[in-house]
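Novice: Protein chains in written order, with the UniProt record's numbering: chain A, 1 to 391; chain B, 1 to 495.
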Amino acid sequence: MTDLKRVMSGLPLSGLTLAPPQVFGSVRLVPLIRTDNRDDLRLSRRVYPEDFAFVEVDPKTIYASYVPHGLVANWTTDGGAVFGSQLARATKKKDGKSYGQFVTARGLRKMVRREGKTQLRFLPLHVAMEGLLALHFGGPDIAWTEYSHSVMRSGLSPRSEVVAPGEQIAGLDDALRLFEVHDNQVGMIVFVAETLASAFVVPHPDDYTNLHRTLIADFYGELIWQHGFYGTENVVLPDPIEVESINSLADLRREVDCLRSRWAEMNEMMSPALFDRPYHSERIYRFKPFRLERFISDLDPTAENHLGEAIYADDGTLQYLKTYRLSSAQTRRAYLLSQLAGHDWNLAQCADSLGCRKNDLILRLENAGFGYLLHQHILDGARAKERMLLS
Amino acid sequence: MKSASQIRDEFYAAQKEASEREDLVMFINACFAATGQTEYYSGRDRGRVSIDFLHSYVLANYRAVYRRVLAAGVNDFNRARIVMKLLEAGAPNDENDRGEEGRLISETLRSLPANRVFALFNRLRTMKINNRRSRAVVRDYMKSRANPVFDAVKYRTKIRVAARHAHLKLDEEQGQFLFALKSQKRFQSPLFDSFLRAHYSKQAVYELPYSVAEGFSARHEIPRSEFMRKIQPQMTHTEKQRTQSTAGRLGIDPPSVDMTRTPLTKLAIYVMGLSLEERQCRAVELHDSLRVSAARASRKRPVQLGKVAAVLDRSQSTWGTRERRRRPLAVAVAVHYLLAASTDALRTFWTPSRVEQPNSASGSDHVFLIEAGGQTDLASPLLAAIEWQPENIVIISDGYENAPVDATDQIIRVYQQRLARSHAIAFIHANPVFDPDHFSPKPLGRSLTTIGLRDAEDLGASMGFAKFAAGEASQAELETYLGNLAARFIGNHHD
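1) Rounding to the nearest angstrom, what Cα-Cα distance links S245 of chain A and D377 of chain B in this structure?
2) Using a beta-carbon distance below 9 Å, is D36 of chain A in contact with chain B?
3) Within its chain, find whatever has a CB closer than 7 Å to the CB of H423 of chain B; leave out the 5 residues flanking it on each side and keep chain order.
4) Measure how close the beta-carbons of N130 of chain B and H165 of chain B come, nearest whole angstrom, since I'm counting them as under 8 Å.
5) Taking the DSSP output, what are the residues bridged to L18 of chain A?
6) Opposite M8 of chain A in the DSSP bridges: which residues?
7) Assign C281 of chain B to buried or exposed, taking buried as 16 or more other Cβ atoms, counted over all protein chains shown, within 10 Å of its Cβ.
8) Pull the bridge partners of F54 of chain A from the DSSP assignment, please.
9) So N210 of chain A is in the alpha helix (DSSP H); what residue range does that whole segment cover?
10) Please list, in chain order, the residues of the stretch 371-385 of chain A that have any C-beta partner in chain B closer than 9 Å.
11) Can you give the Cα-Cα distance for M343 of chain A and F137 of chain A, rounded to whole angstroms?
12) With a threshold of 9 Å between beta-carbons, can L16 of chain A be considered close to chain B, or not?
13) What are the boundary residues of the alpha helix (DSSP H) that residue 397 of chain A is part of?
14) Within 9 Å (strictly less), CB to CB, does P12 of chain A reach chain B?
15) Out of B:R8, B:S3, B:V58 and B:Y41, state which residue places its alpha-carbon closest to the alpha-carbon of D23 of chain B.
16) For F52 of chain A, which residues in the same chain have their Cβ closer than 6 Å to its Cβ, ignoring the five residues on either side in sequence?
17) Taking the alpha carbon of L11 of chain A as the reference point, which residue from A:I169, A:N37 and A:F295 has its own alpha carbon closest?
18) State the Cα-Cα distance for the pair S256 of chain B and Y400 of chain B, rounded to the nearest angstrom.
19) With DSSP collapsed to three states, give me the class of A18 of chain B.
20) Is it buried or exposed, N247 of chain A, if we count other Cβ atoms within 10 angstroms and call 16 or more buried?
21) Give the DSSP bridge partners of P165 of chain A, in chain order.
22) Am I right that N267 of chain A and V30 of chain A are in contact with their C-beta atoms under 8 Å? What's the rounded C-beta distance?
23) Residues of the stretch 182-197 of chain A with a CB closer than 9 Å to any CB of chain B: list them in chain order, please.
24) So, is the C-beta of S391 of chain A closer than 9 Å to a C-beta in chain B?
25) Could you confirm whether any beta carbon from chain B is found closer than 9 Å to the beta carbon of V27 of chain A?
26) Which whole-angstrom value describes the C-beta separation of L453 of chain B and F32 of chain B, a residue pair presumed to lie in contact below a C-beta threshold of 8 Å?
27) Mind listing the chain A neighbours of Q410 of chain B? Cutoff is C-beta to C-beta under 7 Å, in chain order.
28) How would you list, in chain order, the residues of chain B whose beta-carbon sits under 7 Å from the beta-carbon of Q22 of chain A?
29) For S217 of chain B and V205 of chain B, what's the separation of their Cα atoms in angstroms?
30) Would you say R114 of chain A reaches chain B, if we count a Cβ-Cβ gap shorter than 9 Å as a contact?
31) What does DSSP give as the partner residue(s) for T246 of chain B in the beta ladder?
32) State the DSSP-derived secondary structure class of M1 of chain A, mapped to helix, strand or coil.
33) Determine the chain A residues that contact P381 of chain B at a beta-carbon separation under 9 Å, and present them in chain order.
34) Compute the beta-carbon to beta-carbon distance between E391 of chain B and I425 of chain B, rounded to the nearest angstrom, for a pair I have assumed lies under 8 Å.
35) Can you grab the Cα-Cα spacing for the pair S360 of chain B / I370 of chain B, in whole Å?
36) Provide the residue(s) that pair with N431 of chain B in DSSP beta bridges, ordered along the chain.
Structure (structure tokens):
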């Protein structure tokens with residue numbers, strides 16, 4: 001493992017306090033508070049008004065998606081504060097090219113693009129999502145006969161995933177509109193129907209107030225979209241203040257502080273994926289004294305899986321975070337691909353390690369949406385043999 | 001020895017009494033706060049459906065209480081709504097009831113602002129309510145108006161509708177003015193004549209009331225700044241107050257207005273609507289006007305609370321809505337001034353703010369130099385207030401506590417159980433916001449009483465009702481209380 005890649009256990013949310021949540025219908029919003037904020041990294045929003053965007057990831061690969069905004073990072077190398085004028089200029093800078101008149105598109109170069117000495121533009125969540133889509137994107141390294149010619153020629157292309165924009169998640173718009181932003185709030189954890197939908201952290205409280213509304217335009221997993229319809233308002237409260245132990249006002253104060261810390265514990269308990277799961281992290285960009293990384297959890301199909309991106313300072317503190325909850329179908333796809341790649345794309349070996357028959361694996365691949373990787377006669381044969389076994 | 005059936009009957013009677021009392025308390029509490037407008041947490045339609053249901057329910061089940069609520073000091077929106085519902089339901093059979101109801105309706109209409117009454121009359125038409133009593137009510141109200149000519153000009157369309165609907169007998173000139181204006185060459189009444197001439201003469205526009213003249217100024221394409229300068233003598237006090245910032249924008253002298261005459265809550269809303277810089281520049285002037293206005297409100301309806309602490313909410317939700325801009329925050333500021341006018345021993349504790357602003361204030365501080373924003377953390381100011389050891393703590397909040405949820409309730413319960421022996425404190429929660437989902441202002445918990453509050457000036461009336469909201473008094477006492485209020489309300493104006 002090079003120093004570009006590493007494995008973390010949980011995300012480093014140290015220094016961030018989880019404040020009591022605000023619940024609106026099925027949506028539970030947990031503010032993240034930090035008191036010692038640094039001024040040398042700031043994020044601002046750059047709006048792309050077009051219907052969709054295509055990003056040239058490398059000369060042969062295009063990433064196409066709905067991209068309503070990008071984020072621009074401005075920083076200083078000497079630890080001084082970033083000027084407001086710098087931020088204002090950064091949001092207005094010309095970026096890419098706009099095409100079309102009725103249906104419009106924006107052409108952009110690179111997911112993460114340096115725009116000057118101390119300015120970096122990146123597309124939030126798309127950096128991480130591109131990582132998922134690019135997973136083993138090249139296709140098989142060995143020309144096993146089962147694989148189709150087009151896969152051998154051009155890899156998994158085109159590879160696509162479906163996500164839901166925030167505005168389609170029932171109740172999220174109202175919840176974000178009515179949410180009362182805390183003092184010193186730098187982030188938010190979003191729960192829909194008591195499952196973790198997304199975590200969002202920015203470097204500075206002022207950035208958070210400006211970027212709070214972007215949460216509605218960002219995308220969420222299809223699982224979260226379904227949960228939005230199921231969810232009902234739950235009242236979950238930690239243990240109340242202990243009446244017996246109170247004999248003075250100082251006791252009462254102490255107990256109220258305890259109550260607040262019990263809320264933080266409860267919030268942590270409700271988001272185990274953020275604190276306990278292993279994450280494979282990969283460095284995408286280095287801009288001293290910060291680094292941009294993207295990460296994905298270990299793709300265990302039986303557990304919650306998240307992917308996301310983060311900016312860390314050199315002292316290890318988290319400055320920016322955005323996560324996305326994979327649906328089980330997405331997890332399965334990524335899991336199968338990584339298992340195949342782990343066995344040099346040999347179907348028989350891979351089936352052995354997964355504890356199933358080769359034909360089983362072929363049908364699993366087809367159900368997962370990877371039927372186009374294999375020759376049609378391989379698929380037909382597998383289906384016929386499985387049917388014979390069943391009858 | 002009681003038999004089993006007797007015990008059962010008594011039990012059910014007690015249950016019935018309690019649930020009836022709850023219904024009534026909920027209704028009256030809602031009538032203090034609900035306005036049928038958009039709130040921060042809920043839309044206008046939901047609010048209207050909710051309050052409308054409450055009105056219909058109470059009218060059908062407790063008619064005597066329903067009409068007497070007119071005298072309980074509830075807000076204008078709900079009083080107009082009650083009058084309409086009563087007229088719709090028709091007169092009661094019992095002669096005494098009929099007499100009382102009739103007098104309550106006529107007194108209520110007289111105390112309501114004229115625009116609300118005329119809107120109500122128009123609504124009678126759209127609702128197709130046209131019984132003998134409603135026609136008589138309209139007729140008597142019109143008769144009681146001091147200046148019918150002025151009314152006919154200012155509320156012409158509305159009066160036209162009301163006159164036609166209620167078959168009013170108009171005098172000749174008024175009838176011609178309302179229904180045959182175009183065929184007239186001149187009128188004897190100067191105001192009618194001005195209205196006629198204003199159709200072609202720019203000069204006559206300035207003889208009309210401001211709201212009517214505004215339409216004509218558009219017709220004659222009079223420049224706004226010229227119009228505003230010349231119409232000033234015709235403006236009412238409220239109109240002058242309202243056009244202060246417009247005049248500033250147009251670059252003309254704002255109409256001179258004695259701000260101390262403005263009712264306290266209205267003045268507070270005006271002040272909180274100004275930008276923070278302007279409030280800072282005019283701090284002394286605004287502070288003095290608020291104090292004078294509060295002193296007048298406090299003389300009219302004194303609030304006696306002794307040493308009192310106010311815990312005020314300035315979270316994001318007090319920003320209000322476009323329809324009720326800054327209203328919850330302005331009510332909090334107005335309550336501060338009202339309490340400061342009634343006692344010297346006052347301290348105000350604010351919820352935490354997102355910018356550097358003081359967290360507590362005394363009676364002489366400029367409390368209006370704050371902005372709405374941040375979470376609703378009532379626990380910290382409440383603890384600070386308890387530490388100061390007042391006799392009373394008044395909490396003004398919309399009831400959506402979130403940092404953390406339920407802390408106020410727990411603190412107050414613990415205090416009452418464990419610490420009240422050394423120093424007793426009475427807690428009360430006044431809520432300026434109606435919560436349509438629960439048909440009442442949202443409570444902060446069971447350990448303290450929540451009362452609805454629309455204007456800060458009504459604090460006294462709302463507090464008078466507090467012991468019923470707390471469930472301490474029986475339904476019979478509540479009915480006596482309302483009966484006395486109603487008798488005084490009717491008596492006041494006739495003696």
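Backbone N, C-alpha and C define an ideal beta-carbon position, used for all residues, glycine too.
The model shown is predicted, which means the values in this text are computed figures rather than measured ones.
Specialist: Let me spell this out:
1) Indexing the first sequence from 1 puts residue 245 of chain A at position 245. Indexing the second sequence from 1 puts residue 377 of chain B at position 377. About 23 Å.
2) For the purposes of this step, residue 36 of chain A is identified with residue 36 of the first sequence, where counting begins at 1. Answer no: the Cβ-Cβ gap between D36 of chain A and chain B never drops below 9 Å.
3) Taking the second sequence and counting its residues from 1, the one referred to as residue 423 of chain B is at position 423. Answer for H423 of chain B: Q389, listed in chain order.
4) For this step, residue 130 of chain B is matched to residue 130 along the second sequence. For this step, residue 165 of chain B is matched to residue 165 along the second sequence. Between H165 of chain B and N130 of chain B the Cβ distance is about 6 Å, and since that is below 8 Å, they are a contact.
5) Residue numbering aside, residue 18 of chain A sits at position 18 when the first sequence is read from its first letter. DSSP output for L18 of chain A lists A:L32 as bridge partner(s).
6) Locating residue 8 of chain A in the first sequence gives position 8, where the first residue counts as 1. Beta-bridge partners assigned by DSSP to M8 of chain A: A:Y279.
7) The residue you call residue 281 of chain B lines up with position 281 of the second sequence. Exposed, since its Cβ has fewer than 16 Cβ neighbours within 10 Å.
8) The residue given as residue 54 of chain A occupies position 54 in the first sequence. F54 of chain A pairs with A:A64 and A:G107.
9) In the first sequence, counting from the first residue as 1, residue 210 of chain A sits at position 210. Element bounds for N210 of chain A: P205 to L211.
10) For the stretch 371-385 of chain A, the set of positions with a beta-carbon nearer than 9 Å to some beta-carbon of chain B is empty.
11) Translated into the one-based positions of the first sequence, residue 343 of chain A becomes position 343. Translated into the one-based positions of the first sequence, residue 137 of chain A becomes position 137. It should be noted that the sequence gives His, not Met, for residue 343 of chain A. Looking at the two C-alpha atoms, the distance is approximately 15 Å.
12) Taking the first residue of the first sequence as 1, we reach residue 16 of chain A at position 16. No, because no Cβ of chain B sits closer than 9 Å to the Cβ of L16 of chain A.
13) The requested residue 397 of chain A is not part of the displayed model; chain A covers only 1 to 391.
14) Residue mapping note: residue 12 of chain A aligns to position 12 of the first sequence, counting from 1. No, no contact with chain B.
15) Taking the second sequence and counting its residues from 1, the one referred to as residue 23 of chain B is at position 23. Considering only alpha carbons, the answer is B:V58.
16) If you number the first sequence from 1, residue 52 of chain A lands on position 52. Result list for F52 of chain A: Y66 and A105, in chain order.
17) The sequence position of residue 11 of chain A within the first sequence is 11, counting from 1. Nearest C-alpha to L11 of chain A: A:F295.
18) The sequence position of residue 256 of chain B within the second sequence is 256, counting from 1. The sequence position of residue 400 of chain B within the second sequence is 400, counting from 1. Their Cα atoms are separated by approximately 40 Å.
19) Along the second sequence, one-based indexing puts residue 18 of chain B at 18. DSSP places A18 of chain B in helix when its eight states are reduced to three.
20) Here the question's residue 247 of chain A lines up with position 247 in the first sequence. Per the 10 Å Cβ criterion, exposed.
21) As a first step, residue 165 of chain A is located in the first sequence; it is residue number 165 there, counting from the start. Paired residue(s): A:F219.
22) The count along the first sequence starts at 1 and reaches residue 267 of chain A at position 267. The count along the first sequence starts at 1 and reaches residue 30 of chain A at position 30. Contact flag correct, Cβ pair sits at about 5 Å.
23) H182, D183, N184 and Q185
24) In the first sequence, counting from the first residue as 1, residue 391 of chain A sits at position 391. By this cut-off, S391 of chain A is not an interface position.
25) Taking the first residue of the first sequence as position 1, residue 27 of chain A is located at position 27. V27 of chain A does not count as touching chain B.
26) Counting from 1 along the second sequence, the entry for residue 453 of chain B is found at position 453. Counting from 1 along the second sequence, the entry for residue 32 of chain B is found at position 32. About 6 Å separates the two Cβ atoms, so the contact holds.
27) For the purposes of this step, residue 410 of chain B is taken as the residue at position 410 of the second sequence. Those within 7 Å of Q410 of chain B in chain A are P240 and I241.
28) As a working mapping, residue 22 of chain A is identified with position 22 in the first sequence. By Cβ distance, chain B contributes N402.
29) Taking the first residue of the second sequence as 1, we reach residue 217 of chain B at position 217. Taking the first residue of the second sequence as 1, we reach residue 205 of chain B at position 205. When rounded, the distance between both Cα atoms is 7 Å.
30) Here residue 114 of chain A refers to the residue found at position 114 when the first sequence is read from its first residue. No - not a single Cβ of chain B is within 9 Å of the one on R114 of chain A.
31) If you number the second sequence from 1, residue 246 of chain B lands on position 246. In DSSP, T246 of chain B forms no bridge with anything.
32) On the first sequence, position 1 is the one that residue 1 of chain A refers to. Confidence at M1 of chain A is low in this model, with a pLDDT of 45, below 50, so its placement is unreliable and the value that follows should be read with caution. Correct three-state label for M1 of chain A: coil.
33) Within the second sequence, numbered from 1, the residue matching residue 381 of chain B stands at position 381. Within chain A, no residue comes near P381 of chain B; the closest Cβ sits about 12 Å away, beyond 9 Å.
34) Position 391 of the second sequence holds residue 391 of chain B. Position 425 of the second sequence holds residue 425 of chain B. Going by Cβ atoms, the distance from E391 of chain B to I425 of chain B rounds to 7 Å, so yes, they are a contact pair.
35) As a working note, residue 360 of chain B is residue 360 in the second sequence. As a working note, residue 370 of chain B is residue 370 in the second sequence. S360 of chain B and I370 of chain B: Cα-Cα distance of roughly 11 Å.
36) Numbered from 1 along the second sequence, position 431 holds the residue referred to as residue 431 of chain B. Per DSSP, B:G452.
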